[in-house]
Amino acid sequence: MGSKKILKNLIEKILNFGEKINHIKFRPYQRKRAEDLTRAIILHESGTYTTLWSRKSGKSEMLKGLMLSLLAVLPGLARTHLRHEFPRLKLFKYGLSVAFAGPKLDLARIPFVRLKRQARQKAFIDELEKFNLSVVVSNSSNFELSNGSVATAFSGSETASNEGPSAHVLLLDECALLTPFSIYKILFPMVAHVDGVISETGTPSRKRCPFLTDIEYNQRKFPKMHDEVPYTGVIPFSKYYASYIDKQIDRLPGGLKNPFFRMNFLLEWLIAEGHFIDPKLFIKLAKGTRGPTGGKLAAGVDWGKVSSATTVTILEDRNGQAVVVDLLEIRGNWDHQFSYIVPFLNEYTLEKIFSESVGIGDYPTEHLAKEIPGNKVEGKFMSAPYKDLIFTNLQDDIIAKPSRFNYFEDDSEECKSFIRQFLDGEQEIKGKLLSVHKPDEEGSADDFLISTALARDALYSTPTTKIEGQGTGVKRNVLAVLDDY
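According to the working numbering, the residues represented by the sequence shown are 16 to 500, in order.
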């Protein structure tokens, strides 16, 4: 029997055992996700698995049933011949460690309490006896079996001052409420010692958060690691759920269009300020190749401040399409930055370089103009009307059908930063002008948004006389523009 068939049979038996000891029958979407997580744990397909399920669709019940089964059987399997077929099993020889966490301890305890409660039932105790196992600890925050397996629940709140225990499997709930500090400082390092499996679950909200960032990353790079089940995927398996949904649609203001219904049951993210670019659309534009192909080239430079980086975007015109062909992200003092930026720009035959500027006498722009021959560098004062112009034009190019913009994607840090900033970028209308900015959260940036918009303007040389009234649909006089300040 081949390894794939052995694995398939093993996973099926583990899930069947989970159903038996929990007196449940997994629904198809529950079983699919349970299979994904079991396979990841056995094969060491580590990473962050993201799951958006409609509210009250059986997520906690699935996790309780699956984890109770894995806690019981994995240490025993690690002592069989299967450890040679699946070497990852050796990690669990002395027990599987599972951690439940959430923004509050009460939320983390929901599946954990269900797990403990089920472990007191006769069906589970009888099956444990067949494996010569018993429950040795069961209290408010810890559960342990005699095979060494342990489950724990704790708060991922920043105020909990808890670095978190080590774990093979980390299960995070209500992830839209977890902060970047909680996710990246407190929680994720818990599985570092074994490069473990992380599962993030929850429903959408109105704010950007690490959960959404991880979802977008999976959709872009590892689609099989993300799973979504809106209410339409649940109602065929529960007449009570279907009845509830029908009543909610009827009673809520706006019905299906009600914002809370859309977040809870349609799984839509309703970002307050709105995305500058629809992330799902932007992900599809990664069709370019790094490096020029002979078309017209132009660059944009956004100079870093105290806490931000200097970024350079180089665009090429390919038959009317603006294509990102190279990127640079640099920090440090000016001399250090120029030692990288100047050679980087001189590698290309650029027609124009638009540089962010605060006006006459701006050191970075004027120094760059001296270093780059040919009068190619032009300083651009980033007034509200000018930013409205360049971001409106960039947005129009991106959302055009077919799109007039694309970019390359590779594993370089500057490319990752570029993509992340475009996925995170927010927009709002101030007066009648479009304003594009980074999210109001630690670690976010918008430098590549600015350098790319500048590069696009340099590439197509928008006359400065078009600044007035551009992007608003309304011709505006000077006094009207001044009212925006």
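Each residue gets a CB set at the ideal place from its N, CA and C atoms; glycine is no exception.
query, result
"Would Ser61 pass as a contact of Asp210 if the rule is Cβ separation under 9 Å?", "yes"
"How would you label Thr308, buried or exposed, when you count the other beta carbons within 10 angstroms and need 16 or more for buried?", "exposed"
"Just list the alpha helix (DSSP H) runs in the region 108-173, keeping only unbroken ones of 4 residues or longer that don't cross its boundaries, in chain order.", "120-134, 137-145"
"Looking only at its own chain, which residues have a Cβ that is under 6 Å from the Cβ of Thr326, when we skip the five neighbours before and after it?", "Asp317, Glu344, Asp462, Phe463, Ser466"
"Taking three-plus beta-carbon pairs below 8 Å as touching, is the region 225-237 in contact with the region 79-93?", "no"
"For Pro225, which residues of its own chain have a beta-carbon under 6 Å away from its beta-carbon, when the five flanking residues on both sides are left out?", "Pro195, Ile198"
"Would you be able to state if there are at least three C-beta pairs under 8 Å between the region 293-304 and the region 342-361?", "no"
"Under three-state DSSP, which class holds Gly62?", "strand"
"How big is the Cα-Cα spacing for Thr66 and Gly217?", "7 Å"
"Can you have a look at Thr479 and say buried or exposed, based on whether 16 or more other CB atoms are within 10 angstroms of its CB?", "Residue placement at Thr479 is flagged as unreliable, the pLDDT there being 47, under the threshold of 50; the coordinate-derived value follows with that caveat. Thr479 should be labelled exposed."
"Ile298 to Pro43, Cα distance in whole Å?", "29 Å"
"What do you get for Lys40, buried or exposed, if any count of 16 or more other CB atoms within 10 angstroms of its CB means buried?", "exposed"
"Between the C-alpha atoms of Ile413 and Asn162, what's the straight-line distance to the nearest angstrom?", "56 Å"
"For Ala473 and Phe203, what's the separation of their Cα atoms in angstroms?", "42 Å"
"Evaluate contact between the region 245-264 and the region 82-101, counting only Cβ atoms and requiring at least three cross-stretch pairs below 8 Å.", "no"
"Three-state secondary structure (DSSP) at His38?", "coil"
"DSSP on Thr479, reduced to helix/strand/coil?", "The predicted position of Thr479 is uncertain, since its pLDDT is 47 and thus under 50; no value can be drawn from it."
"Check the C-beta distance from Ala87 over to Leu143 and give it rounded, since I have them as a contact under 8 Å.", "7 Å"
"Among the candidates Glu27, Ser149, His183, whose CA atom is the shortest distance from the CA of Ile56?", "His183"
"Would you call the region 275-288 in contact with the region 432-440, where contact means no fewer than 3 C-beta pairs closer than 8 Å?", "no"
"Quick one: using the 10 Å Cβ neighbour count with 16 as the cut-off for buried, is Val212 buried or exposed?", "buried"
"What is the rounded straight-line gap between the Cα of Tyr246 and the Cα of Leu267?", "16 Å"
"Whole angstroms is fine: what's the gap from Glu386's alpha carbon to Pro219's?", "49 Å"
"Do you know whose CA, among Ser149, Leu58, Glu34, lies nearest Ile21's CA?", "Leu58"
"Does the distance from the CB of Gly117 to the CB of Glu189 come in under 9 Å?", "yes"
"Where Leu97 and Pro126 are concerned, what is the direct C-alpha to C-alpha distance, given to the nearest angstrom?", "29 Å"
"If the criterion is Cβ atoms closer than 9 Å, does the pair Gly440 and Ile292 meet it?", "yes"
"Would you tell me roughly how many angstroms separate the C-alpha atoms of Leu282 and Pro274, rounded to the nearest one?", "10 Å"
"Take His38 and list the residues in its own chain whose beta-carbon comes closer than 7 Å to its own, dropping the five residues that flank it on each side.", "Ala138"
"Given this structure, state the Cα-to-Cα distance separating Arg103 from Tyr109, to the nearest angstrom.", "13 Å"
"Using only the alpha-carbon positions, how far apart do Val244 and Ile29 sit?", "23 Å"
"Pull up the distance between the alpha-carbon of Arg221 and that of His452, whole angstroms please.", "17 Å"
"Work out the CA separation of Ser170 and Glu457 for me, nearest whole Å.", "21 Å"
"Can you round the beta-carbon distance between Ala134 and Leu83 to whole angstroms, since I take them to be within the 8 Å contact cut?", "7 Å"
"Nearest CA to the CA of Leu148: which residue from Ala313, Phe423, Thr174, Ser164?", "Ser164"
"Give every residue of the same chain whose Cβ lies closer than 7 Å to the Cβ of Leu449, excluding the five residues on either side of it in the sequence, and list them in chain order.", "Asp403, Phe406, Thr407, Gln442, Gly486"
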